[in-house]
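Colleague:
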Amino acid sequence: MARISKEDQEVVKNKIIEVSRRLFNDVGFDKASTKMIAKETGIAEGTIFNYFSSKDEIFFEVFYLDHINDMDEGIYKHDTDKDIIEEINNNIFKVISKMLRMPKRVLLEMGIVTIKIAKKKPEFFKKMASMDFKYMEIIAEYLDGMIKEDELREFDTKKMSEIIFGILTYELFLYLYEKDLTKKELKETIKEKLEILLRGYIKGGN
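Heads up: the sequence shown begins at 3 in our numbering, then just goes up one per residue.
1) Ends of the alpha helix (DSSP H) at R107?
2) Roughly how many whole angstroms lie between the Cα atoms of I60 and Y179?
3) Which stretch, first to last residue, makes up the alpha helix (DSSP H) that contains Y179?
4) Using the rule of at least 16 other Cβ atoms within 10 Å of the residue's Cβ for burial, across every protein chain shown, is K33 buried or exposed?
5) Evaluate contact between the region 97-117 and the region 165-181, counting only Cβ atoms and requiring at least three cross-stretch pairs below 8 Å.
6) Just list the residues that DSSP pairs L154 with in beta bridges.
7) Let me confirm a value: K210 is counted as buried when at least 16 other C-beta atoms fall within 10 Å, else exposed. Which label applies?
8) With DSSP run on the structure shown, which of helix, strand or coil describes R103?
9) In chain order, what residues of the same chain have a beta carbon less than 7 Å from the beta carbon of K185, not counting five sequence neighbours either side?
10) Report the three-state DSSP secondary structure of F26 (helix, strand or coil).
11) Between N91 and the rest of its own chain, which residues show a CB-CB distance below 8 Å, the 5 nearest in sequence each way excluded?
12) Can you tell me where the alpha helix (DSSP H) holding G44 begins and where it ends?
13) In terms of alpha-carbon separation, which member of F62, E12, L25 lies closest to N52?
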C-alpha cells in the first residue's frame, strides 16, 4: 500500500478542519460526531485519528487557527479622520466580529469545550494564553503608534492593553449570558468604557 505524501496528509488534515468548522457552527460541538466529520470529509472515521487524538483536539485546532487568522487580519491602522475612541473600538471589533457571527449557543459551547480541553491538556492552555498575549501586544503596539503620531499623551501601553482586554473579556461574557443583549449594544458599551478610560489621554480634545 502506497504511503501518503506529506503534502497529501496536509490536504486531508486541512479538509478535516474545514469540514469540522462548518459542522461545529451548523449543528454544535456535541452533535458533530467524528463519524459525521469523516463522512463529510470523504474518509474513514479511523483516519481522523491519524491526525487528531480526539474531537476535542479538532475543535481546539479550528478555534486556534481561526483566532490567530482573525488577529493577523485585524492589525490596526490609524485613521486621523476618525474620532480616536470610535476608531479604537472599531479596531477591537475587527478581531472579534467574525466570531460574533456565530450564534450565542455555539459560542457558549466553544467556551465550555475550551475550558474542558485546557484542564485535560495543559499545552492547549498555553496556546490559548499565547493568543491572549498576542492580542494584547497588538493593542499595545497600536497605542504606541498613536503616541508616536502625537495623537495620545504618553502612558504605559502594556498595562493599558491589559485593561482594554479585561473590558472586552468581561463584556463578551455578559453578551453570551444575557440572552437579549445585542452585538450593537455590546459594541456601544465597550465604546463607553473606552471613552472613560482614554478620553483624558487624547491630545487636542479629539
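The beta carbon of each residue, even a glycine, is placed where N, CA and C say it ideally should be.
Modeller: With the structure as the only source:
1) 106-122
2) 25 Å
3) 159-179
4) exposed
5) yes
6) I204
7) For the chain, the structure presents residues 3 to 208; residue 210 sits outside this window and is missing.
8) coil
9) L102
10) helix
11) K189, I192, K193, L196
12) Premise fails: G44 is in no alpha helix (DSSP H) and is neither H nor E.
13) E12
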